[in-house]
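For the sequence shown, the numbering used here assigns the number 532 to the initial residue and increments by one for each residue that follows.
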Amino acid sequence: MNAPAAAPNSSGPDSSRLKTRPAVTDYGIEVVLGNVLRIGVVLSAAIVLFGACIYISRHAHEAANFKIFQGEPSEFRTIPGVIQSVRNGRGRGWIQLGLLLLIATPVARVVFSVAGFILERDRLYVAFTLIVLAVLLYSLLGSGLTL
């Protein structure tokens, strides 16, 4: 008679070669997304505060003139202009950078949501989240495009 084959011993030397991938859970994704939002808001607030300190230290002695409206200088209307202003150490540039980071935080959350749904292999939510991301990016960057 043939004896039945023995089941592999999970505590043997071959068990160290088995690699298991940790399961992606909804809770884990929620924790990551919560941290993305928290870090983005705190970091943007710190950058705005830093910029405000620079601005106040340089312009505290100036009197405000509310009779004439003065719009934002053109350098603060583009991302490269904001980055150049930060490189020059201008307080308003730092404030603008913090506000840009604050605007980018929800977009980063949606990007991380897409990644989380891809890891969960939930195609329906990936599709919906990509639609939300497309609408966000269109509203921020491409609303002036003509077809």
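No residue lacks a Cβ here, since even glycine has one placed at the ideal position from N, Cα and C. In this text the structure is predicted, and so the values were computed from the model without any measurement.
The DSSP-derived three-state label of residue 593 is coil. Using a C-beta cut-off of 8 Å, the stretch 555-573 makes no contact with the stretch 616-628, since fewer than three inter-stretch Cβ pairs fall below that distance. Under the DSSP assignment, residue 656 falls in the alpha helix (DSSP H) whose first and last residues are 654-668. Closest in alpha carbon position to residue 610, among 631, 568 and 666, is 631.
Residue state for residue 603 is assigned as coil, using DSSP reduced to three classes.
Per DSSP, the unbroken alpha helix (DSSP H) holding residue 636 starts and ends at 622-651. Cβ-Cβ distances below 7 Å link residue 667 to 638 and 641 in the same chain, with the five nearest sequence neighbours on each side left out; the list follows chain order.
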